[in-house]
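Chains as they are written, first to last, in this note's numbering: chain A, 1 to 438; chain B, 439 to 876. The C-beta atom is built at its ideal place from N, Cα and C for all residues, glycine as well. Just so we're clear, the structure is a prediction, and the values are computed from it rather than from any experiment. A quick write-up on the structure given underneath.
There are 2 protein chains.
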Amino acid sequence: MEQYNYLLSLCVILMSTKIFSIISRRAQLPQVVGALMAGLFFGPAVLGALSMKLFGIQFCLTPSPLLSRLAELGVIVIMFTAGMETNIQDLRASGKAGFVVALTGVFVPLGMGAGLMYVFEPGIAMTSAIFVGAVLTATSVSITVETLKELGCMSTKSGNTILAAALIDDILGLICLTIITGMAGEQVNLTLVFMKILGFVGFVVIMGLMFYSFMTWSNKAQDAKNLRRYPVMGFALCLFMAWAAETVFGIADIIGAFSAGMIIAISPKGNYIASKFDTIAYLLLTPVFFANIGLEVTIPSMSLSLLLFTVALVIVSVISKLGGCGLGAKLCGLDMRESYQIGMGMVCRGEVALIVAAKGLEMNVINEAYMGPIIIMIIVCTIITPIFLKDAFKGASQSKEYGISDQFELSDKLDEVTESMLDAETNIYTLLKGRMYE
Amino acid sequence: MEQYNYLLSLCVILMSTKIFSIISRRAQLPQVVGALMAGLFFGPAVLGALSMKLFGIQFCLTPSPLLSRLAELGVIVIMFTAGMETNIQDLRASGKAGFVVALTGVFVPLGMGAGLMYVFEPGIAMTSAIFVGAVLTATSVSITVETLKELGCMSTKSGNTILAAALIDDILGLICLTIITGMAGEQVNLTLVFMKILGFVGFVVIMGLMFYSFMTWSNKAQDAKNLRRYPVMGFALCLFMAWAAETVFGIADIIGAFSAGMIIAISPKGNYIASKFDTIAYLLLTPVFFANIGLEVTIPSMSLSLLLFTVALVIVSVISKLGGCGLGAKLCGLDMRESYQIGMGMVCRGEVALIVAAKGLEMNVINEAYMGPIIIMIIVCTIITPIFLKDAFKGASQSKEYGISDQFELSDKLDEVTESMLDAETNIYTLLKGRMYE
Chain A
1 MEQYNYLLSL
11 CVILMSTKIF
21 SIISRRAQLP
31 QVVGALMAGL
41 FFGPAVLGAL
51 SMKLFGIQFC
61 LTPSPLLSRL
71 AELGVIVIMF
81 TAGMETNIQD
91 LRASGKAGFV
101 VALTGVFVPL
111 GMGAGLMYVF
121 EPGIAMTSAI
131 FVGAVLTATS
141 VSITVETLKE
151 LGCMSTKSGN
161 TILAAALIDD
171 ILGLICLTII
181 TGMAGEQVNL
191 TLVFMKILGF
201 VGFVVIMGLM
211 FYSFMTWSNK
221 AQDAKNLRRY
231 PVMGFALCLF
241 MAWAAETVFG
251 IADIIGAFSA
261 GMIIAISPKG
271 NYIASKFDTI
281 AYLLLTPVFF
291 ANIGLEVTIP
301 SMSLSLLLFT
311 VALVIVSVIS
321 KLGGCGLGAK
331 LCGLDMRESY
341 QIGMGMVCRG
351 EVALIVAAKG
361 LEMNVINEAY
371 MGPIIIMIIV
381 CTIITPIFLK
391 DAFKGASQSK
401 EYGISDQFEL
411 SDKLDEVTES
421 MLDAETNIYT
431 LLKGRMYE
Chain B
439 MEQYNYLLSL
449 CVILMSTKIF
459 SIISRRAQLP
469 QVVGALMAGL
479 FFGPAVLGAL
489 SMKLFGIQFC
499 LTPSPLLSRL
509 AELGVIVIMF
519 TAGMETNIQD
529 LRASGKAGFV
539 VALTGVFVPL
549 GMGAGLMYVF
559 EPGIAMTSAI
569 FVGAVLTATS
579 VSITVETLKE
589 LGCMSTKSGN
599 TILAAALIDD
609 ILGLICLTII
619 TGMAGEQVNL
629 TLVFMKILGF
639 VGFVVIMGLM
649 FYSFMTWSNK
659 AQDAKNLRRY
669 PVMGFALCLF
679 MAWAAETVFG
689 IADIIGAFSA
699 GMIIAISPKG
709 NYIASKFDTI
719 AYLLLTPVFF
729 ANIGLEVTIP
739 SMSLSLLLFT
749 VALVIVSVIS
759 KLGGCGLGAK
769 LCGLDMRESY
779 QIGMGMVCRG
789 EVALIVAAKG
799 LEMNVINEAY
809 MGPIIIMIIV
819 CTIITPIFLK
829 DAFKGASQSK
839 EYGISDQFEL
849 SDKLDEVTES
859 MLDAETNIYT
869 LLKGRMYE
């Protein structure tokens with residue numbers, strides 16, 4: 001019977017993320033926060049611990065290989081749709097600012113993180129201190145992207161800079177990790193890393209040209225009326241590029257997915273393809289992605305000094321990213337508000353931070369005791385980012401012609417229009433069917 | 439690096455099922471056949487065996503826990519959408535015929551299968567002979583449903599009878615299996631089975647009333663403008679009922695999913711919900727479901743007498759279902775062509791047959807040597823059903839006002855209309871966004 005439990009898990013995830021999202025929205029918080037809370041609440045951290053205390057049995061949603069795979073697919077689809085919504089012109093315009101923001105956003109947390117370690121454990125080895133710093137460098141942009149999409153702020157100047165910075169951040173983080181693991185004992189091969197990054201750029205250009213030609217050809221060919229093949233081919237491109245990015249070029253899979261999205265955005269039928277991924281995202285993959293983050297959390301028991309360290313780590317992680325990226329943005333001539341928006345958008349940490357920490361643990365340069373604080377730091381950053389981000393963009397948005405609440409209303413109206421179109425479509429279809437079988 | 443291989447597998451599955459489907463359609467075969475062939479071709483059966491012979495390494499798609507879970511979700515979504523497209527009135531009208539068809543469709547294969555065993559192995563124990571017969575009783579309706587949907591013949595009289603019969607067939611098969619496993623040693627508890635079936639009917643009614651009231655209330659409540667929650671709630675209902683059917687009532691999960699679909703069909707916003715599952719089905723779950731069937735196949739090596747037995751088993755399995763169900767349909771007053779359509783639609787075997795066989799093997803009443811022939815029988819039935827079914831409905835459909843090819847054209851036109859609607863939507867959206875951020 002246990003083999004069917006995944007059905008119930010998915011059901012609970014869909015229901016709870018939806019209900020918690022609705023509650024979040026009523027409370028003027030981004031819906032993403034609700035989805036994260038749902039996983040935390042129904043997972044081992046809250047419901048699991050509670051039921052253990054009350055009934056002596058742990059009764060909660062638990063992480064499973066299926067859920068983590070679906071969550072991985074979820075983040076790939078989020079970045080893929082972000083790519084499809086990105087205007088290359090805009091992104092290129094934000095490229096220089098993005099590079100500077102990413103650079104300061106890597107080095108300030110790295111330095112401050114290492115500094116914190118020297119304060120708490122004065123005799124610590126330099127590699128260990130730097131490794132904890134490295135944990136703080138990796139921004140997890142997917143939650144920021146989902147929040148920006150929800151707020152409709154993806155194509156603002158700040159949104160584009162965040163996106164550009166996050167993409168470059170991943171590559172810088174990669175170089176950083178290569179150097180640090182090299183310092184900690186393994187051989188370092190920076191040339192190879194740069195070659196792979198260059199190789200990936202070439203790969204994206206080649207895939208782009210191939211897909212563009214294929215779509216142009218297919219669009220002209222006689223059976224161009226069958227539309228389903230285009231989203232399928234687009235998704236296949238996304239999966240292939242995500243796979244290739246990780247396994248061939250050693251770059252994050254989400255960068256591959258994002259690049260695939262950008263390719264599709266400029267290809268014929270791009271709009272049509274983009275319109276199809278919305279459903280698969282909100283109906284299955286995105287809820288699982290967000291809930292799964294919460295599910296993976298187990299709150300460790302800690303001593304007072306570790307608790308103090310945790311608080312300090314959280315503060316350092318937030319301030320260093322906010323300050324570092326904000327500084328970079330300011331240096332590039334963005335105004336104070338935009339710099340704050342960008343800094344806030346980059347605060348989010350996620351699976352990459354966890355992976356770096358796990359690697360440090362494996363290499364014996366990070367003490368196991370620090371894993372608890374690191375996990376809590378990631379959770380706190382993940383939850384506060386959307387909250388502060390919404391606030392940061394609210395101010396910015398109200399100075400424009402329409403506010404955010406207006407936009408929600410407009411997007412709701414659009415949904416209504418779409419629904420009536422769909423009703424019309426159903427009616428036409430029923431009519432046709434009726435004529436056919438009468 | 440291996441942890442990312444699922445991305446490549448999914449990419450190959452999406453590409454290959456799509457390309458093979460297009461080829462099938464060009465060859466005037468149902469697209470479902472192409473999707474099945476894709477899994478067979480890229481799986482261990484063909485590409486795996488070939489690469490083993492040529493290069494000494496097996497290089498092919500292989501079944502994985504993720505793929506089988508996604509395939510299970512796929513068949514659940516197929517049956518869920520079938521439920522949403524079912525008109526309860528029509529189904530009720532076909533109920534009596536469906537019952538008779540299911541009844542003859544269970545007993546004729548049971549008898550003929552057992553008879554075949556007595557011919558090939560005269561001294562066989564009665565339970566063993568009957569068990570092989572039982573393997574032949576379970577129709578796997580999902581492939582038939584997908585073919586009927588593709589042909590646009592779901593709501594014909596034959597289509598409705600097939601659907602009704604397949605649903606009753608599952609329940610009869612369940613009773614049958616209970617009796618036979620009881621005969622083979624375990625305790626039999628028919629009363630409990632009937633109680634559970636009655637309980638399930640009550641459960642469906644209660645869930646239906648609850649969901650209907652919820653949707654009516656939600657439709658009137660003030661925030662009824664947010665549409666995304668409806669498909670999410672519908673999917674949650676589907677998953678919950680599939681889970682409950684299996685674990686609480688001991689009935690197949692697909693019957694639970696189908697019932698959930700029927701509930702949604704009669705609820706407010708039912709059309710809107712139904713329109714959303716098309717994408718998630720063709721973009722991810724259905725291709726994986728069909729490819730996975732092919733992937734699970736490994737062709738066993740067999741002796742000449744077993745080969746003979748295999749041929750006989752295939753013939754008996756096809757003829758007994760076709761004859762049994764056709765007879766039942768004829769008895770209910772359907773005409774010759776309709777009886778043939780119904781018989782052909784019920785020929786398809788699938789995972790249930792495999793499960794029954796595995797249970798027999800486990801209980802030592804089915805000899806292991808027969809597993810190879812049984813697997814081949816299932817593959818052959820699965821592949822020929824859509825081919826003959828298309829042919830059977832082609833004749834029937836041409837006597838109506840429109841032919842099948844007309845319908846494809848109409849549905850293509852509809853797709854074009856939808857696309858231009860979507861383009862309009864994108865334009866409106868871009869316009870609104872532009873006004874908002876200028």
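- Here Ala257 (chain A) has Ile76, Met79, Phe80, Cys238, Ala242 as same chain residues with Cβ atoms under 6 Å from its own Cβ, once five neighbours each way along the sequence are excluded.
- From the beta-carbon of Arg229 (chain A), the residues of chain B found nearer than 8 Å are Lys456, Ile460.
- Approximately 20 Å separates the beta-carbon atoms of Pro811 (chain B) and Leu733 (chain B); this is outside 8 Å, ruling out the contact.
- Counting only residues of its own chain and dropping the five nearest sequence neighbours on each side, Ile384 (chain A) has a CB closer than 8 Å to the CB of Val318, Val347.
- If you look at Leu529 (chain B), you'll find it in the alpha helix (DSSP H) that goes 526-531.
- The residues Ile264, in chain order, have a CB closer than 6 Å to that of Gly270 (chain A) in the same chain once the five nearest residues on each side in sequence are set aside.
- For the 8 Å CB-CB criterion, Phe569 (chain B) and Ile825 (chain B) do not form a contact.
- Look at Trp681 (chain B): its C-beta is under 8 Å from a C-beta on chain A.
- Among the residues facing chain B, Ile130 (chain A) is not included, as its CB has no counterpart in that chain under 8 Å away.
- Asp528 (chain B) and Phe652 (chain B) have their C-alpha atoms spaced approximately 26 Å apart.
- DSSP places Pro706 (chain B) in no alpha helix (DSSP H); its state is neither H nor E.
- Setting aside the 5 residues that flank it on each side, Cys763 (chain B) is surrounded in the same chain by Val539, Gly543, Ile780, Gly781, Met784, each with a C-beta closer than 6 Å to its C-beta; the list follows chain order.
- Put simply, the CB of Ile780 (chain B) is far from chain A, with every gap to its CB atoms at 8 Å or more.
- Interface flag for Met15 (chain A) against chain B is set, since a Cβ pair is found closer than 8 Å.
- DSSP places Phe632 (chain B) inside the alpha helix (DSSP H), whose first and last residues are 628-658.
- In chain order, Thr279, Ile280, Leu283, Leu284 make up the part of chain A whose C-beta sits under 8 Å from the C-beta of Ile718 (chain B).
- Here Asn664 (chain B) carries a coil assignment [DSSP, helix/strand/coil].
- Judged by their CB atoms, Ser301 (chain A) and Met112 (chain A) are not nearer to each other than the 8 Å cut-off.
- Under the criterion of beta carbons closer than 8 Å, Ile378 (chain A) and Arg349 (chain A) qualify as touching, at roughly 5 Å.
- Fewer than three Cβ pairs drawn from the stretch 683-700 of chain B and the stretch 441-448 of chain B lie within less than 8 Å of each other, which leaves the two stretches out of contact.
- Counting along the chain, the unbroken alpha helix (DSSP H) around Phe493 (chain B) starts and ends at 487-493.
- Secondary structure at Phe497 (chain B): coil, using DSSP grouped into helix, strand and coil.
- With fewer than 16 other CB atoms across the displayed protein chains lying within 10 angstroms of its CB, Lys220 (chain A) is exposed.
- Fewer than three Cβ pairs drawn from the stretch 686-695 of chain B and the stretch 467-484 of chain B lie within less than 8 Å of each other, which leaves the two stretches out of contact.
- Segment contact: the stretch 447-463 of chain B against the stretch 491-509 of chain B, three or more CB-CB distances shorter than 8 Å; contact assigned.
- Residue contact check for Val803 (chain B) against chain A: no CB pair falls below 8 Å.
- For Tyr4 (chain A), at least one C-beta of chain B is nearer than 8 Å to its own C-beta.
- When B:Phe638, B:Leu723, B:Ile618 are compared, the shortest CA-CA separation from Val232 (chain A) is found for B:Leu723.
- Against chain B, the beta carbon of Glu150 (chain A) has no neighbour under 9 Å; the closest one sits roughly 12 Å away.
- Scanning chain A for C-beta atoms nearer than 8 Å to the C-beta of Arg507 (chain B) yields Tyr6, Leu66, reported in chain order.
- Between Ala567 (chain B) and Gly611 (chain B), the gap from beta carbon to beta carbon reaches 8 Å or more.
- Interface annotation for the stretch 535-558 of chain B against chain A: empty, criterion Cβ-Cβ distance under 7 Å.
- Between Val316 (chain A) and the set A:Asn87, A:Val108, A:Gly95, A:Ser267, the nearest pair of CA atoms involves A:Val108.
- With respect to the C-alpha of Ile457 (chain B), the residue from A:Ile273, A:Leu151, A:Ala236, A:Ala164 having the closest C-alpha is A:Ala236.
- For a Cβ distance threshold of 9 Å, residue set Leu7, Leu8, Cys11, Val12, Met15 of chain A lies close to Phe678 (chain B), ordered along the chain.
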